[in-house]
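J.: Those letters in the sequence shown? Residues 466 to 1069, per the numbering used here, in order.
Input: one structure, supplied below.
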Amino acid sequence: MVLLYKRSAMLGRIRPFVRYSVFRAGTYRTLFTSPYRMQVSLIYNLFATCISCGIKLQNENPLKPGFYRPPSAGPKLVKPEDESFNRLMDGLLMEDRKLLLNSSDATATLPQSVTVPTAAATTTNTKKEGDIQCIRCREAMYKSNFSWDELPVESIDKIMSTIPPDGNIVYIVNAVDFPFSLNRLIFKYRNPSQITFLVTKCDLLFPSAQLGNRYGTTFFKDYLSRTHGADPEKVFVTSGMIDWNMKDIIKALPDNSYMVGGVNSGKSTVIKSLLYTMEKSKPNYLSSKQQTKLEKQQDRMINSNVANRHQHTKSQRKVEQKFKMTYGPGTSYMPGFTRGHIVHDIDGKTIVDVPGFSANETHGIYGYLDPSTIKTLSKGVKVHKRGMYDSRYESVRNGQVLTIGGLFYLATPQNAVYQIKNCINHKFHVFNSMDKAISILQSIEKNKALENVFLVNKQSLDKLQKFIIPPFYGSIDLVIKNLGHLNITPTGKKIDNEPLVIYLPEGVEAIIRQPLTRYITRSLAGRDKNGNPLRKELWKSKSVTHLQRFNGTTPFASLLIPSTGSDNLQCISEYHSKLNDTPITYDNNTHLDESNKYKYWVNI
466 MVLLYKRSAM LGRIRPFVRY SVFRAGTYRT LFTSPYRMQV SLIYNLFATC
516 ISCGIKLQNE NPLKPGFYRP PSAGPKLVKP EDESFNRLMD GLLMEDRKLL
566 LNSSDATATL PQSVTVPTAA ATTTNTKKEG DIQCIRCREA MYKSNFSWDE
616 LPVESIDKIM STIPPDGNIV YIVNAVDFPF SLNRLIFKYR NPSQITFLVT
666 KCDLLFPSAQ LGNRYGTTFF KDYLSRTHGA DPEKVFVTSG MIDWNMKDII
716 KALPDNSYMV GGVNSGKSTV IKSLLYTMEK SKPNYLSSKQ QTKLEKQQDR
766 MINSNVANRH QHTKSQRKVE QKFKMTYGPG TSYMPGFTRG HIVHDIDGKT
816 IVDVPGFSAN ETHGIYGYLD PSTIKTLSKG VKVHKRGMYD SRYESVRNGQ
866 VLTIGGLFYL ATPQNAVYQI KNCINHKFHV FNSMDKAISI LQSIEKNKAL
916 ENVFLVNKQS LDKLQKFIIP PFYGSIDLVI KNLGHLNITP TGKKIDNEPL
966 VIYLPEGVEA IIRQPLTRYI TRSLAGRDKN GNPLRKELWK SKSVTHLQRF
1016 NGTTPFASLL IPSTGSDNLQ CISEYHSKLN DTPITYDNNT HLDESNKYKY
1066 WVNI
């Protein structure tokens, strides 16, 4: 580590102005332009930190955060089989060695199934400080051992207080539960027009980057600019998993950028993708052996054989995955994995990974789940397959209660039928009543056949909270934070105006929104090719499609209404009367149509 100091004639003191520190993936640079920024940054710049989570390292107390075991100074362990292989290899002639290894590199010792890109060649067997992981991260990443005590989450106020005033904010927004993942409190600290927005996990919404750029970029720019005043030129759609639009994002990111976002929004995954994109742009990205293998695969692909193309893609994915596992911040499906600032140099720009925040400083729904279950749910589902107008649906009716793993319980009113499309990565189950669902979970030991229905433990029932879904006309998305959504469409004739009711375990959050697919893909317009309106039953057979643009004049999403009694209609009336300070009535005589469909929505 090298610190350069410069005396300021005006301030009459010595201050550091450039710091260089060599880490495994390249040179990490920080510019100090203010005393405040220097004070905030010195903690994680001057002390050894965990390469995965960014916490300050210590090797004195195993019970305190940041504990690590110093790397051994002894020789590297070599397996007996490898020793025998190298000994026999040394006895071969140069031509025989080339023939055996199927490579022009005759100095090779052990064949590698996956060759790490050239950045790995700069590292040695002796670990540097920047290469060290704390014990918590090693246990989590290699043994899947997690402790909630070591996975803290902070409020947005605490996280933003660690960022210097001159730091540029890059807000990572999760597309899956949008706009749940967009916390308006961020605008207390920066003007929306100054923030760069990266809408990630878009591979779950679109089948290709081209469609994401065509439709997704249009909607998210419309929404963020018209609702919050963001600069449309600073809004990007991406996927950290498969590197969508990373070259454009690298060019657009300002120097001294701080990546912020909610827990599990995908910040660290995006940074890994940015690092990998930079590495691919370097010359000699592939080793000689890897280049030879790639050329052979390309030769076999001349005839456009599907199997060969698949093998080629699989080989490239292995290289990518190996790089992302080796370099950049640690990633985990568990919330609160990143615990400190981690500084990266990307294309000569300082990019800082910041811990994720939570609105209520709790783990929310994750606290009721097993780690393996969290991993499965976090993968999400392909909305472009399950959530479209022609996707498969299930019907729920007449007081039935739908649940997905016990994460929530959606109760339907009597004399009503709803079509449900599931965009959460777990199958749903339907009970005849709420009492039946609760009794099954409470005595799950006696109901072995239904064990796979529930993902949560019994403690989730201790403080169930009842909410009323605001009255709606047409289809809506019921969004569960960090999980996904259900698309709900009423069908048939309703006898009365009884609303849908949802029961949520304490800490679990939900909202409703207009169907997201309405704005991110071409949907049915309800008119024929001549522009004439069609009856509802003829839409699928005769309607043309169109892309609906978000105009910002109607509510896009709504909070749920807390239930304060058994009369749901009265609860709706009382709640809205308090919000508007004037009496508002909702009863069986209330009629909803296109003109007043959002009257009872509560803007988030």
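Every residue gets a Cβ at the ideal spot worked out from N, C-alpha and C, and that includes glycine.
Being a predicted model, the structure only gives us computed values, none of them experimental.
Are the stretch 701-708 and the stretch 672-687 in contact at 8 Å, needing three or more beta carbon pairs?
T.: Counting Cβ pairs under 8 Å, three or more are found: they touch.
J.: Output yes or no for whether 7 Å exceeds the beta carbon distance between G519 and H809.
T.: Result no, Cβ atoms of G519 and H809 do not sit closer than 7 Å.
J.: Using CA atoms only, rank isn't needed, just tell me which of L906, A674, G1017 and V918 is closest to W709.
T.: Cα-wise, what sits closest to W709 is A674.
J.: Can you grab the Cα-Cα spacing for the pair I1049 / D818, in whole Å?
T.: Rounded to the nearest angstrom, the two C-alpha atoms are 47 Å apart.
J.: When you compare each of L647, N633 and G632 to N639 by their alpha carbons, which one comes out closest?
T.: Considering only alpha carbons, the answer is L647.
J.: Using 8 Å as the Cβ pair cut-off and three pairs as the minimum, do the stretch 882-893 and the stretch 943-956 touch?
T.: Cβ pair count under 8 Å is three or more, so yes.
J.: Among the candidates R691, F662 and R978, whose CA atom is the shortest distance from the CA of S940?
T.: Measuring from the Cα of S940, the nearest candidate turns out to be R978.
J.: With C-beta atoms as the reference, is G726 less than 7 Å away from I628?
T.: No, the Cβ-Cβ distance between G726 and I628 is not below 7 Å.
J.: Sorted by chain position, which residues of the same chain lie with C-beta nearer than 8 Å to S612's C-beta, five sequence neighbours on each side aside?
T.: Hits under 8 Å: R601.
J.: Report yes or no: do three or more beta-carbon pairs, one from the stretch 885-900 and one from the stretch 1032-1047, lie closer than 8 Å?
T.: Result no; under three Cβ-Cβ pairs closer than 8 Å.
J.: Where are the alpha helix (DSSP H) runs, 4 residues long or more, that stay fully inside the stretch 875-916, in chain order?
T.: Within the stretch 875-916, the complete alpha helix (DSSP H) runs of at least 4 residues are 899-907.
J.: Tell me which same chain residues have a C-beta within less than 6 Å of the C-beta of S856, skipping the five on either side of it?
T.: Correct list, in chain order: K886.
J.: Thinking just about the alpha-carbon of each residue, which of D668, A717, M711 and V728 is nearest to the one in S746?
T.: Considering only alpha carbons, the answer is M711.
J.: When you compare only the Cα positions, how much space is there between V866 and D942?
T.: Those two C-alpha atoms are separated by around 17 Å.
J.: Can you list, in chain order, the residues of its chain whose CB lies under 8 Å from that of R851, leaving out five sequence neighbours each side?
T.: Excluding positions up to five away in sequence, the list reads R857, K886, N887 and C888.
J.: Could you give the first and the last residue of the continuous beta strand (DSSP E) run that contains A990?
T.: Taken as a continuous stretch (DSSP letters only), A990 belongs to no beta strand (DSSP E), as it is neither H nor E.
J.: I need the boundaries of the beta strand (DSSP E) containing P955, first residue and last residue.
T.: Taken as a continuous stretch (DSSP letters only), the beta strand (DSSP E) holding P955 covers G949 to T956.
J.: Between which residues of its own chain and L657 is the CB-CB distance below 7 Å, once the five residues before and five after are set aside?
T.: The displayed chain sequence assigns Pro, not Leu, to residue 657. Taken in chain order, the residues that qualify are H693, G694 and A695.
J.: Do N633 and P545 have their C-beta atoms closer together than 7 Å?
T.: It is not a contact, given that the beta carbons lie outside the stated cut-off.
J.: Between which two residues does the beta strand (DSSP E) holding I933 run?
T.: Here the beta strand (DSSP E) through I933 covers Q930 to I933.
J.: How should G845 be labelled, buried or exposed, when 16 other C-beta atoms within 10 angstroms of its C-beta is the threshold for buried?
T.: Buried.
J.: Starting from Y741, trace the alpha helix (DSSP H) in both directions and tell me its first and last residue.
T.: Counting along the chain, the alpha helix (DSSP H) containing Y741 begins and ends at K732 to K745.
J.: What first and last residue would you give for the beta strand (DSSP E) that runs through R862?
T.: First-last of the beta strand (DSSP E) with R862: E859 to R862.
J.: Alpha carbons only, please: which of M743, N1068, E963 and K994 is nearest the one belonging to Y1033?
T.: For clarity, residue 1033 is Asn in the given sequence; the question names Tyr instead. With distances taken between Cα atoms, N1033 lies closest to E963.
J.: Is it the case that the Cβ atoms of F1015 and D687 are separated by a distance below 7 Å?
T.: Contact flag set, yes.
J.: Sorted by chain position, which residues of the same chain lie with C-beta nearer than 7 Å to E971's C-beta, five sequence neighbours on each side aside?
T.: So the list reads K928 and Q930, once near-sequence residues are dropped.
J.: Compare the beta carbon distance of L906 and G870 with 7 Å and say whether it is the shorter of the two.
T.: Contact: no.
J.: What does the alpha-carbon distance come out to for the pair N922 and I985?
T.: The straight-line gap from Cα to Cα measures roughly 36 Å.
J.: Can you tell me the Cα-Cα spacing of L689 and P697, whole angstroms?
T.: When rounded, the distance between both Cα atoms is 8 Å.
J.: Compute the Euclidean distance between the alpha carbons of A876 and S860, then round it to the nearest angstrom.
T.: Looking at the two C-alpha atoms, the distance is approximately 13 Å.
J.: Which one or two residues does DSSP pair with V848 in a beta bridge?
T.: Paired residues: none, contrary to the question.
J.: Going by DSSP, what residue range makes up the beta strand (DSSP E) through S1023?
T.: First-last of the beta strand (DSSP E) with S1023: A1022 to L1024.
J.: Would you mind working out which of T742, S988, E910 and V728 sits nearest K1007, comparing C-alpha positions?
T.: For the residues T742, S988, E910 and V728, the minimum Cα distance to K1007 belongs to S988.
J.: Kindly indicate which three-state DSSP category A433 falls into: helix, strand or coil?
T.: Only positions 466 to 1069 of the chain appear in this structure, which leaves residue 433 out of reach.
J.: According to DSSP, is G632 part of a helix, a strand, or is it coil?
T.: If DSSP states are grouped into helix, strand and coil, G632 belongs with coil.
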